[in-house]
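Presented below is the structure to which this report refers.
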Amino acid sequence: MAEFTAAVYQNEFLPDGGTDVNAIVTIACSGAGTAGQTGGGSAGEIIIVDTSGSMGPQTMAAAKQAAQAALAEIVDGTWFAIVAGSDRAMLAFPKVSSGPGMVQMDAESRSQASEAIGAFVGSGGTAISTWLDLAVTLFASVPEVNQRHAILLTDGENREGSNKLDAAIRNATGVFQCDCRGAGTDWQVAEIRRIAQALLGTVDIIPQPEQMQAQFQEMMRTAMSRGVAEAQLRVWTPQGAQVLFVRQVSPTVEDLTDRRTDVDALIGSYPTGAWSDESRDYHVAVRVAAKAIGQEQLAARVQLALGTDVVTQGLVKATWSGDSELTAKIDQQVAHYTGQTELAAMIQEGLAAKAAGDEATATTKLGRAVKLAAETGNDEATSKLRKVVDVDDEKEGTVRLKRTIDKADEMALDTASTKTTRIKK
Amino acid sequence: MSATTCPSCGAELAADAKFCEGCGKPVGDPAAASGTPPAAAPDAASEDLGSGPISAPTHITPVATEAPPQGGRRPCVSCGGNVGPDQYCEQCGTKQPSERDHFREAPAPWVAGVCDRGIRHTRNEDAMALLASSTAGERAALVVLDGVSNTDDSDQASLAGARAAREVLRTPLPRGMGTPESRLSAVTSVFADAVKAANDAVVAITPEGSDHPPSATFVAAIVEGSTLTYANVGDSRAYWLPDGAPGVQLTVDDSAAQLQMEAGMSRLEAETGPQGHAITRWLGRDAPDLAPRVGERTLDAPGWVLVCSDGLWNYASEPEALVAQIAAAGTTEPGALALALTGFANAQGGQDNITVALARIDGQNADAAPTDKAEQKESDG
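Rendered as structure tokens:
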């Protein structure tokens, strides 16, 4: 049985008239078990592989190998399907045209699916909306599957109107989680990130075909370790308070503020997807009415709920004090993640400005990113930034854009922009 | 006490629980705690919620916790909403005071009190202990101690002292040899015993080698029919506030401000001056002199006996100011009025702990009264 714990990091002391309360809530899960094996329903996996004409022979061969490696990681008993995607989506396995569109994994289905993957041929364009729509249909055809996850591989830009993709993303949101990977450098990071963020998944670049197999294996292994099918973050705030934002800040920055659904007038629920043995950090900011010095109140209860069961909670407090030594301090964790959140924004905005030809803005923003990465000890971001800019002064954030940049390095910086590091003790 | 419910929040407990799953507080056998004062007498239909854990660290075992009222927690002190097991309001989030920080007693429908931390202090060093017979106006004892800030464990000491004094005052006061003088002398001796019992309790709690031994003021008022008898050490007060007539401050403070007033300074100037809250006599290991000032008065009209700490009179020292607040509250229910006066003091800033103990006098109880004159009598000891 999975166990959850919560810890709160904050400076609860507010100055006279202070209203804004910030806290980092760390939620940790242990004993999660294996997806679909904990008695709470069945797990379903769909592997979606781009089979458009743009997939070169080498990439296609690697993609087949990768899909087979992922297949090998799926635990027996798990419901699964294989989708081949081009300008339309095709159900490659199971080969059915009606009824349940997924089958349970066993030795036979595994070998048949492997054969189906081996028969992939690249042709046609790329219409990712149809891939997502088919996945929704397939999951819907097996109602007992309540933990739904897909991995999606593409190598090219989506060739359809963006409103089509937006509609498909909306349609899939809350239905399944999706980890997305881009092969090579001909795909759009922002486009694929939009899918991954909405579907509570990860996004990354696979620059070289030979790295594909290991990535797929890892992705599916992680998915299989998520024994907790679905959890929601619940935030209670007192009457009259305002939730300024709710963000996941570790392992990646994901703004959840707009994904609130009301449980009741005071409690909002935010999706967090499935959990393995892991810990995640959330940054919650709440505005409360100021009280008199000496008064204490609860600013938020941050809870994790499985269905309607609250499994852990952390209390975010506010105490008004006239002691400026107490009130002036910013909690170390809050400061750290505030910096990391800005770092992600600076990288994305800097790269967007660079792509738009605005070198001045790009230089300023990426310079700020270099400074923040150094200050918050994000070594991965620092090393990825240094492949895109020459750093004159790390402390001041003075940089110059490199004249020649490997496209893959730039995309890797972009996909990794939301990854955060934990505070160094 | 049965071990099946939490003494702090009333939640059900597992058979061998060491901590309450509801509120997280340790679940000890209350009877095993040292320094346990006698529980309220059966006639004291008490809402006394005991002392609970104290906000500030202390050196000694807290005074035992008494049972919570039936049905668990009180509604939120701020908005009246439900209070969760973690002591925060589920509606407005306000932190609920611990039972030591805010407690109420209502031993009979005509007697009630509120003892509250106020706003600025981090713990409640005031204490009160009340008792009353169920017949309105028959007999009541109201004891208030104000623990001195910056002394060790004065929150513990004041509560232990108040309860010890209440036990001494439980039996009816002696009538003496028949003359008012002999009666006053006999009564003075009882109050001296009550002060001594309170002082002994305070000293008993004093940590060994303390450089700041706990100390407290003392004020007690006894209503017996139409006779009100009172005694004090320090600057906690008793007032008589008849309905629709001028009220009177009965006790005389042992304070620097009182000395200044006697030397001709105005009340306002003296009480708000730098020495306004310096007391000249107190209870505790380093007490200079324990003899209380004792007095009595005949209650010949409907009205209120008020016993309070400076947390209230800081904001309404003159009897007229108190009468105005009583009129503003517009109630003859003592519990509601005690809450209203506490709320008034908090609204004014709540700079100190606030204790308000009240007895409602309906003025119809002349039967049990001694036939003494209405004038106030006083004795220094």
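Protein chains in written order, with the numbering used here: chain G, 1 to 425; chain L, 1001 to 1381. A virtual CB, placed ideally from N, CA and C, is assigned to each residue, including glycine. As the structure is a prediction and not an experimental result, all values here were calculated from the model.
Of the candidates L:D1300, L:G1350 and L:R1100, L:G1350 places its Cα closest to the Cα of L:L1312.
In this chain, G:Q239 is not harboured by any beta strand (DSSP E), its DSSP state being neither H nor E. Where G:F80 is concerned, the enclosing beta strand (DSSP E) starts and stops at W79 to G85.
For G:I74, the three-state secondary structure derived from DSSP is coil. Using a CB distance below 9 angstroms, the part of the segment 225 to 248 of chain G facing chain L consists of W236, T237, P238, Q239, G240 and A241, ordered along the chain. Within chain G, not a single residue places a beta-carbon under 7 angstroms from that of L:C1076; the smallest gap is close to 10 angstroms. A direct Cα-Cα distance of roughly 20 angstroms separates G:F80 from G:S129. Residues of the segment 1087 to 1102 of chain L with a C-beta atom less than 7 angstroms from some C-beta of chain G are Y1088, Q1091, C1092, G1093, T1094 and K1095, listed in chain order. Fully contained in the segment 8 to 63 of chain G are the following beta strand (DSSP E) runs of length 3 or more, in chain order: 20 to 30 and 42 to 50.
Secondary structure of G:E325 (DSSP, three-state): helix. Within the segment 1078 to 1164 of chain L, no complete alpha helix (DSSP H) segment of 4 residues or longer occurs. Three or more beta-carbon pairs separated by less than 8 angstroms link the segment 59 to 68 of chain G to the segment 194 to 211 of chain G, which places the two stretches in contact. Looking at the DSSP output, G:K419 sits in a beta bridge with G:T252. Residue pairing for G:A318: DSSP places it in a beta bridge opposite G:Q297. Contact annotation: G:S269 and G:T261 have beta-carbon atoms nearer than 8 angstroms.
Under the 8 angstroms criterion on CB atoms, G:A285 is classed as non-interfacial with respect to chain L. Within chain G, the residues placing a beta-carbon under 8 angstroms from that of L:R1120 are I293 and G294, ordered along the chain.
L:E1181 counts as exposed, since fewer than 16 other beta carbons sit within 10 angstroms of its beta carbon. In this structure, the alpha-carbon of G:L372 lies about 33 angstroms from that of G:S162. Its Cα nearest to that of L:H1121, the residue G:A292 stands out among G:A292, G:L385 and G:Q332. The DSSP-derived three-state label of G:G124 is coil.
If you ignore the 5 residues before and after G:V399, its C-beta comes within less than 7 angstroms of the C-beta of T363, L366, G367, V370, V389, D390, V391 and D392, all in its own chain and listed in chain order. In terms of beta-carbon proximity, G:L304 stays away from the interface with chain L, with every pair separated by 8 angstroms or more. In the three-state scheme derived from DSSP, where H, G and I count as helix and E and B as strand, L:W1313 is classed as helix. Taken atom to atom, the span from the alpha-carbon of G:M105 to that of G:A196 is near 25 angstroms. Under the DSSP assignment, G:D392 falls in the beta strand (DSSP E) whose first and last residues are V389 to D393. For L:D1200, the uninterrupted alpha helix (DSSP H) run begins and ends at P1180 to I1205, by DSSP. Residue pairing for G:D262: DSSP places it in a beta bridge opposite G:G268.
Flagged as an interface residue toward chain L: G:Q297, by a C-beta distance shorter than 8 angstroms. Here the segment 1131 to 1145 of chain L makes contact with the segment 1099 to 1111 of chain L; the two share three or more CB pairs at distances below 8 angstroms.
Counting only the Cα atoms, G:E12 lies some 20 angstroms from G:I423.
For L:H1212, there is no enclosing beta strand (DSSP E), as DSSP gives it neither H nor E. Taken through DSSP and simplified to helix, strand or coil, G:V334 comes out as helix. Listed along the chain, the chain L residues whose CB falls inside 7 angstroms of the CB of G:L315 are D1086.
In the DSSP assignment, L:P1242 falls within the unbroken beta strand (DSSP E) covering R1237 to P1242.
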